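Colleague: Just so you know, we're using full-length UniProt numbering here: the sequence shown kicks off at 1 and counts up by one. Even glycine gets a Cβ: it sits at the ideal position worked out from N, Cα and C. Treat the numbers as computed from the prediction; the structure is a model and nothing was measured. Dumping the structure here so I can ask a few things about it.
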Amino acid sequence: MNKNQRSNRLAIMHIASQIDISAYLHYRDVLQDIYEKLKAEQGSYNYKRYSEDLGLSFSNVIWLYVSKKRRMTLKTAEKTFKALGLSGDRKKFAENMVRLETIKIHEKREKIYADLFQLKTKMSAPENQKHLEFYSQWFFPALREIVQVNPKLNINEICERFLFKVFPREIEQGLQVLSDLELIKYDKVSKTYRSTKKQIGLDYKTSAVAAARFHQKSCELASEAVVHVSPEMRELNTLTLALSQADIPEVRRRIIECCRGIFELEEHSRSDQVFQLNIQFFPITDKLDPEVES
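So, in structure tokens, the structure goes:
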């Protein structure tokens, strides 16, 4: 190993040490962000040198990973993450990101999501851990809405109102999480929980795993709703259409506007039921006329 390579490896480890690994969902983004920081420091730096500095061959193999042309194996991940100086929970988190991409069996993917979420919570500041826990179960946000609509329902009655199976102990856990976050407050006089005006949102930039897992659970509910919810009570639309990448921002804007409008509707509604709204928009092919990488 020459002096320049030794210097680059130290720089890579330093940059990696400053990165919050748990803020990512894809290992490719970690590798790309580190590369861009190195490139900013050394204008002549390239992917071939980057691959070699990570203990791989002097080739464009890292570019193949970050551009989604090739999947990283766990054996390669072990060598790469060692070069990044990752250890302990940070290394486990990174390895699970690689596993998440290679596992196709639903049950195993759910286990990886759960492990990632647990590691994310463990590595987060104490004040953020309850915030993350709010999104750990699909019924926690729904529970708050139920309390707002009918605070007189007891735990068993709440369980009976859910169309999807939830156990009393889970409701107790949810009420505790909501209380800790001050989203609901226990009224000792009426002996009931009351919702507060406090709101929390999900920071997608730092909680990618929490967002992905919550959306995954919501999609599973939508799948079950096809069977368990009568057609007149649901609207599940599916469009398969051809668009350009230039159209994506406009589609996203319209979806956001749609959600905002429906959310405003809630403010004037005499609510008597809790609903889940999922709008899913994502590509199912790569670009059909890919540009040739020089």
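Going by C-alpha distance, which of Gln216, Tyr65, Tyr135, Ser51 is nearest glycine 201?
Modeller: Counting from one through the sequence shown, the residue named residue 201 turns up at place 201. Looking at the Cα atoms, Tyr135 is the closest of the given residues.
Colleague: Quick one: using the 10 Å Cβ neighbour count with 16 as the cut-off for buried, is arginine 90 buried or exposed?
Modeller: The residue labelled residue 90 in the question sits at position 90 within the sequence shown. It is buried - the Cβ of arginine 90 has at least 16 other Cβ atoms within 10 Å.
Colleague: Identify the residues that DSSP records as bridge partners of aspartate 29: which are they?
Modeller: Counting from 1 along the sequence shown, the entry for residue 29 is found at position 29. According to DSSP, aspartate 29 bridges with nothing at all.
Colleague: Identify the residues that DSSP records as bridge partners of arginine 213: which are they?
Modeller: Translated into the one-based positions of the sequence shown, residue 213 becomes position 213. DSSP lists no partner for arginine 213.
Colleague: Grab me the residues of histidine 228's own chain with a C-beta within less than 8 Å of its C-beta, minus the 5 sequence neighbours each way, in chain order.
Modeller: Indexing the sequence shown from 1 puts residue 228 at position 228. Around histidine 228: Leu163, Phe164.
Colleague: Skipping 5 residues on each side, what residues in its chain have a beta carbon closer than 6 Å to that of tryptophan 63?
Modeller: Taking the sequence shown and counting its residues from 1, one reaches residue 63 at position 63. Once the five neighbours on either side are set aside, the close Cβ partners of tryptophan 63 are Tyr47.
Colleague: Expressed to the nearest angstrom, what Euclidean distance is found between the alpha-carbon atoms of leucine 241 and lysine 92?
Modeller: The residue labelled residue 241 in the question sits at position 241 within the sequence shown. The residue labelled residue 92 in the question sits at position 92 within the sequence shown. Rounded to the nearest whole angstrom, the CA to CA distance from leucine 241 to lysine 92 is 39 Å.
Colleague: Within the UniProt domain "DUF4423" (129-283), note down every full beta strand (DSSP E) run reaching 3 residues or more, in order along the chain.
Modeller: With a minimum length of 3 residues, the continuous beta strand (DSSP E) runs that stay inside the UniProt domain "DUF4423" (129-283) are 184-187, 192-195.
Colleague: Name the residue from Asp272, Phe281, Val30 whose alpha carbon lies nearest to the alpha carbon of glutamine 245.
Modeller: What you label residue 245 is simply residue 245 of the sequence shown in a count that begins at 1. The shortest Cα separation from glutamine 245 among Asp272, Phe281, Val30 belongs to Phe281.
Colleague: Given a threshold of 16 other Cβ atoms within 10 Å of its Cβ, counted over all protein chains shown, does leucine 265 qualify as buried or as exposed?
Modeller: Your numbering for residue 265 matches position 265 in the sequence shown. Exposed, because fewer than 16 other Cβ atoms sit within 10 Å of the Cβ of leucine 265.
Colleague: According to the neighbour-count rule (16 or more other Cβ atoms, all chains shown, within 10 Å of its Cβ), is arginine 28 buried or exposed?
Modeller: By one-based count along the sequence shown, residue 28 stands at place 28. Within 10 angstroms of the beta-carbon of arginine 28 lie 16 or more other beta-carbons, which makes it buried.
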